[in-house]
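Numbering-wise, numbering that gives the first Met the number 0 puts 136 at position 137 of the sequence shown, and it's gapless, one number per residue. We put the CB at the ideal spot given by N, CA and C, even for glycine. Because the structure is a prediction, the values reported are computed rather than measured.
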Amino acid sequence: MSSSADVRWLPDKAAVLAACRGSLPYSNPVLTAAKALADIYEAGDNLSHGIVELLSNDRSSDPDDVVKWAEFLSWVVGRSRSDLIRRVDEWVELVVPAAPPSSPMHPRTVGQTIDSLAHMTIRSFSAFANEPASAARALHCRLALLADEYETLRRDVSAGVRRVPAEAVNTPRTRDGEQ
Numbered sequence: 000m001s002s003s004a005d006v007r008w009l010p011d012k013a014a015v016l017a018a019c020r021g022s023l024p025y026s027n028p029v030l031t032a033a034k035a036l037a038d039i040y041e042a043g044d045n046l047s048h049g050i051v052e053l054l055s056n057d058r059s060s061d062p063d064d065v066v067k068w069a070e071f072l073s074w075v076v077g078r079s080r081s082d083l084i085r086r087v088d089e090w091v092e093l094v095v096p097a098a099p100p101s102s103p104m105h106p107r108t109v110g111q112t113i114d115s116l117a118h119m120t121i122r123s124f125s126a127f128a129n130e131p132a133s134a135a136r137a138l139h140c141r142l143a144l145l146a147d148e149y150e151t152l153r154r155d156v157s158a159g160v161r162r163v164p165a166e167a168v169n170t171p172r173t174r175d176g177e178q
């Protein structure tokens, strides 16, 4: 392989954002994972609204049972996210030559960054339908910043001038990069 990866192996931010909104512009494991991560976040939002509605409308439901069920679903979702993040990171490791050890290290893996983009995409588009315009605009600006962060990471990793952590941590980072 050449000294830098073909940037097509790591899709640009426009393709990733399209995948997060449900449209795969072309076949690529990163885009497939981005779409699946966004689907998980969207399903989680729908589930959260459903649980709140259930608890507020159905007084016969035992809140402890609902909480246990929600915790189980949260565990399943966390496992699914971890698997998808790991797949992206394994793909990057396969197709992108390692940067020299002296290259600066990015704080997150490509998979974690894609996970953050998927989450913020769902939050941002949900906000336009459910929140005041100012809150929706703020989330959309955060999405744009995350997309720019991904684009810079993609370019730097593909050019071999930035390293990413060797493996994703067991617990995926949240949309803001916290664990």
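TODO: Sort T108, F71 and T112 by Cα distance to V163 and report the nearest one.
DONE: T108
TODO: Compute the minimum distance between the beta carbon of G21 and the heavy atoms of the ligand HEM, and state whether it is under 7 Å.
DONE: Inclusion of the ligand HEM in the displayed structure is not the case, the ligand content being empty and no account of it being possible.
TODO: Go to D61, then tell me how far its alpha helix (DSSP H) extends in each direction, as first and last residue.
DONE: It is not in any alpha helix (DSSP H) - D61 carries neither H nor E in the DSSP assignment.
Open item on the list: Using only the alpha-carbon positions, how far apart do A97 and V91 sit?
Closed with: 9 Å
Open item on the list: Could you give the first and the last residue of the continuous alpha helix (DSSP H) run that contains A97?
Closed with: Taken as a continuous stretch (DSSP letters only), A97 belongs to no alpha helix (DSSP H), as it is neither H nor E.
Task: Distance between S102 and A35 (C-alpha atoms, nearest Å) - done: 31 Å
Open item on the list: Using CA atoms only, rank isn't needed, just tell me which of A132, Y149, R161 and D44 is closest to P99.
Closed with: R161
Task: Euclidean distance between Cα positions of N128 and D44 - done: Per the sequence presented here, residue 128 reads as Ala, with Asn not at that position. Distance between the alpha carbons of A128 and D44: 13 Å.
- [ ] Taking G110 as part of the alpha helix (DSSP H), name the residues at either end of that continuous run.
- [x] V109 to N129
TODO: Look at E148 and T112 and say whether their C-beta atoms are less than 8 Å apart.
DONE: yes
Open item on the list: Which of the three DSSP states is assigned to R141 in this structure?
Closed with: helix
TODO: Quick one: using the 10 Å Cβ neighbour count with 16 as the cut-off for buried, is P10 buried or exposed?
DONE: buried
TODO: Determine, using beta-carbon pairs with one atom in the region 136–143 and one in the region 65–80, whether at least three such pairs fall under 8 Å.
DONE: no
- [ ] Could you have a look at R162 and say whether DSSP puts it in helix, strand or coil?
- [x] strand
Task: Among S73, V66, L72 and R86, the one whose alpha carbon lies nearest that of P33 - done: Note that residue 33 is Ala in the sequence shown here, rather than Pro. Comparing Cα positions, the closest option is R86.
Open item on the list: The alpha helix (DSSP H) that contains L16, what's its start and end?
Closed with: K12 to C19
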